[in-house]
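If you count by mature numbering (1 follows the signal peptide of the UniProt record, and there is no 0), then the sequence shown holds residues -15 to -1, 1 to 919, one letter each, in order. Glycine is no exception: its CB is placed at the ideal position from the N, C-alpha and C atoms. Predicted model only: the values in this text are computed from it and were never measured. What follows is a short report on a single structure.
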Amino acid sequence: MKGLILALVLALVGGQKQDLEPVFHTGKTYLYGYESFILHGLPSRGLAMAGVRLTCKLEISCVSRSDHLLQIRSPKLEEYNGFWPTDPFTPSLRLTETIAACFSQAFKFEYTGGRVGSIFAPEDCPILCTNLVRGILNMMQITIKKSQNVYELQEAGIEGICQTRYVIQDDSKNNRATISKSKDLTDCQEKAVKNMGMAYIRPCPTCPLKVRNIKGTVMFTYKIKYDDSGALMTSAMSEQVYQISPFNEPNGAAFMEARQKLSLVDIKRTPISAPKTQLQNQGSLRYHFSGELLQMPIPLIRIKNPDLQLTETLRQLGQNNEEGATKEASAKFLQMVQLFRIVTLDQIESLWVQFANDLPQRHWFLSAICAAGATDTFRFLKQKIHDEKLNIWEAAATLSLAFHFVIPNKQTLEVASTFLNCPQIQKAPMHRIIVYLGYGSMVNKYCAQTSLCPNELLQPLHDLATEATSKGDAKDMALALKAIGNAGEPASIKRILKFLPTFSPAAASLPNRIHADAVLALRKIARKDAAKVREISLQVFMDNTLAPNVRMVACVVLFETKPALPTVTAMASSLLTEPSLQVASFTYSHMKALAVGRIPQLYNLSAACNIAIKLLSPRLDRLSYRYSKVIHVGDYSSEYQAGAIWRVYLMNSPSTMFPSDIITKVRAYYANTATDIIEVALRSQSLTKLIRKQNIPFAEYDTYKTLKELGKKLLGWKELPPEDPLVSAYVKVLGQEIAFVDIDKDAIQQTMMHLTGPSNWQLVVKKVVEEVQRGISGLWTLPAMVAELRHIVPTVVGVPLELSLCGAALARAAAEVDIQMSPPLPDNFRPSQLLETNMDIHAGIKPKTYFHMIAMMGINTQYFQSGLEFHAEFSANTTMKFDARINMKEKNVKIETPACHQEVELAAVRSEVCAISRNMEEVDSEKKSQLLPK
């Protein structure tokens, strides 16, 4: 009996699974050889590729139960630029020295049960080196389930927490095991990723994987040897692949491949020396993005004295401005943007003193300052506007660009909030509108990066809404609602509902346009809380007591939340008893437009609308354009994963013959994202009421007489109530409202006073005429940064993979104009004498437009760059020469244009793709290979 029990015990013990988590024993140092490399290229063979390779020796010692030391020795960094696999890697000696310096001391890490915990590094260790250590330790992250050989779980790693599949092959006879694991890098929680410039691009989380244009996976293979003392990792290999398919290419248009290899070389009894300095906790395995300057995807700049470099660059741009070199100018402009992100406020002030009075450099300076978007550049603009150093149009342009390009963080938001109360902003209505709308956009971009938006950021907008309501100021109500709409935060919903009679009876006395603005303010909030916005907009749509245009706007917002079939069917059912033919016609037209859509993101909504319109009477389809309609034009290419739609919302009121509200928008779709390119709206309800009161017999007049009568009758502006605009309009770019205007009684009154009352406009006319008579000659250049989009993810090696697009635009015009007047005007001429003169104009004008776009896929750090780089240039220019004779008295004009005897390049498109390798230690020795071999 005892023998039987002993046999059973031995059998159970033998059947238990051996612990496979690697163990490093105290008192021993494990020596490993490590090699990693990254390559970037296209899938076809025989094309140029670029990459880097890192080789080194690793020493690992256990100093306590969980604490381990890692010493990296003999690092060697090599660059690859050529045609794989025939061309060799090229050693980069100076960059190797830079990397070796930060690996001179040991790193500490926590390691228990196959899991890597906190990582400790010297305080002054660059983030690049710490991330390379993360890449090495990431290979040691193993999660073993003792009861299973095949399993899936969410595992933490350098890329975040991702879905991981394990397969364990245990060779118990030889005390060896092979562990394979793979990760789907598109299925990650808390993913390590950094996006810049993409706040206005909306992803589609419900879109299928096949429409995603970036796919990634990584595979690990471990060789484990075990005995009674524990498991030992003898080797480990990893292979990571990212495939980029911009236009639905089956095999991808470009790829990144990263490999690592770790091999046990020896085990020594000598422990690693303890670090001489205090080590700082650098967090977990998760990749850390540098808080330092992020290198733009442009050629590296060795930054020594940024203020002196900016001075030299501005002077070079002044010379290029005269010579007309556009490509060099755009490259210098992007370098300026990079440099302005690191200079101090004092240095910016010093540069301003040098170039503020030099008009060409002043334009370059202000454009680069706006595009830089740093905290100090934002403070600088605030100070200049406060000191009134910018004229009204410069201030308007710089404010619009600065709020758009600024990098949203706590510091820049604090500066932005001071703009709201700046006296110089408050006294200029145009600037005040730009600032409030821009602040709302900044809040939107900042809160897109966090799960919870701080209430204090929204408070200035809520306070404006509360103050405007208490004062009954409709203009400020509209401004507050539009700014809240730009912010797009669910925390503002309660404030918005106070402006809707459906939820707040006190709001019934507000103008209809405020109700419509309140509904439109919900549009962006729907991206974060679609269910709540859908519920609100459905109730507003069903409220028959509201004005038809408010209900039609609610219909637009409701469909933008992508309602499911039950909601769409409920809307259709309500139309069967709808008292307003305007609302019924608009909703039916909108459903019909959606039903024929081919955009994959709207497939479910299109199907629901197809079913819903079958419930409705066909007579709604026969209503004329006197009734409200939706005009829809759109297409989608599955081959290119791209599409666009153009919609026009025509909203009539029951008593008008033509639309009182018109909204038109263009939206683009690409892969699983959508972007509102532009939206323009025009409201003219008060204008139609004013015209209708005049009883003009339009049918009896021809077009000229009709316009003449309208001009006369519009003098009835005095009958308008002061709070009711005659015409109002707004413009949205990339989904953000950037400007709006109300032409109301006060605006008309001020205009009439300027035209009819005492004014200095006659002096202005005299000054302009005197300048023109002297002749006009000059060269004007207006630079602008048109895009900076960046998507950065970590690789298993520990360096970032970046997909980026940035570009600059230059508008340039050279002009020589000579004007002669007969009879010559005396020095004390009256403006009315201009109507009795003859003018001879000789003009030569050369306008030119230039766009330079740079796209990059690869490694982009402040130390080195490696990858594929695509340059696209578009230029359009012309030469216009003409002679004109204008007889003001007889009201005739004669224009002659001489024949062109010189060849002129009207338009050109140039592009180049190459594999590039650059490093900061050898800035002048850039390696570049054309994609195709010669």
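Positions of the beta strand (DSSP E) runs, each at least 3 residues long and wholly inside the region 516 to 575, cannot be given because no such run exists. Pairwise C-beta distances place the region 514 to 530 in contact with the region 475 to 491, as three or more of them are shorter than 8 Å. Taking the Cα of K200 as reference, the smallest distance to any Cα among I186, S214 and D172 is reached at D172. Check the Cα spacing between A772 and each of S789, L764 and W765: the tightest is with S789. E144 is positioned such that its CB atom lies no closer than 8 Å to that of V726.
Between D502 and L466, the C-beta spacing is below 8 Å. Annotated as distal: L295 and E906, with beta-carbon spacing of 8 Å or more. For P393, the three-state secondary structure derived from DSSP is coil. Closest by C-alpha distance to T14, out of R50, E6, L54 and F22, is L54. Between V101 and Y65, the C-beta spacing is not below 8 Å. The beta carbon of S167 sits closer than 6 Å to those of R150 and M204, all from its chain and outside the five residues before and after it, given in chain order. Under the DSSP definition of a beta bridge, K253 partners with T14. Where N66 is concerned, the enclosing beta strand (DSSP E) starts and stops at D52 to F68. Residue state for K874 is assigned as coil, using DSSP reduced to three classes. The DSSP-derived three-state label of P111 is coil.
The Cβ atoms of H10 and C41 do not sit closer than 8 Å to each other. At a cut-off of 3 residues, not a single continuous stretch assigned as beta strand (DSSP E) sits fully inside the region 315 to 397. The beta carbon of P883 is closer than 7 Å to those of K866 in its chain, skipping five residues each way along the sequence. Judged by their CB atoms, D251 and L16 are nearer to each other than the 8 Å cut-off. The beta-carbon distance between S860 and T834, rounded to whole angstroms, is 7 Å. This is short enough to meet the 8 Å contact definition. I839 and S489 have their alpha carbons spaced roughly 52 Å apart. Our two residues, M241 and H776, have alpha carbons roughly 14 Å apart in a direct line. Each residue's CA atom was taken as its position, placing T128 and Q850 some 34 Å apart. Selection Q320, R364 and L43 evaluated against I257 yields L43 as nearest (Cα-Cα).
If you ignore the 5 residues before and after S51, its C-beta comes within less than 6 Å of the C-beta of E95 and T97, all in its own chain and listed in chain order. By the Cβ neighbour-count rule, L336 is buried, with 16 or more other Cβ atoms within 10 Å of its own. For V784 and A35, the gap between their C-alpha atoms comes out near 14 Å.
If you compare the alpha carbons of M841, A557, L774 and A33 with that of L917, the shortest gap goes to A33. The residue from L566, A387, N123 and A162 with its alpha-carbon nearest to that of I146 is N123. Using a Cβ-Cβ distance cut-off of 8 Å, the region 387 to 405 and the region 350 to 361 are in contact, since at least three pairs of beta carbons, one from each stretch, lie closer than that value. DSSP places F94 in the strand class (E or B) of the three-state scheme. Shown here for L264: same chain residues with a beta carbon closer than 7 Å to its own, the five before and five after excluded, namely K93, F105, A106 and P107 in chain order. Scanning its chain for C-beta atoms nearer than 6 Å, with the 5 sequence neighbours on each side dropped, one finds around A799 the residues L764 and K831, in chain order. Boundaries around Y655 are those of the beta strand (DSSP E), D646 to Y655, since no alpha helix (DSSP H) includes it. Looking at the DSSP output, D212 sits in a beta bridge with G215. Beta bridge pairing from DSSP links E137 with R150.
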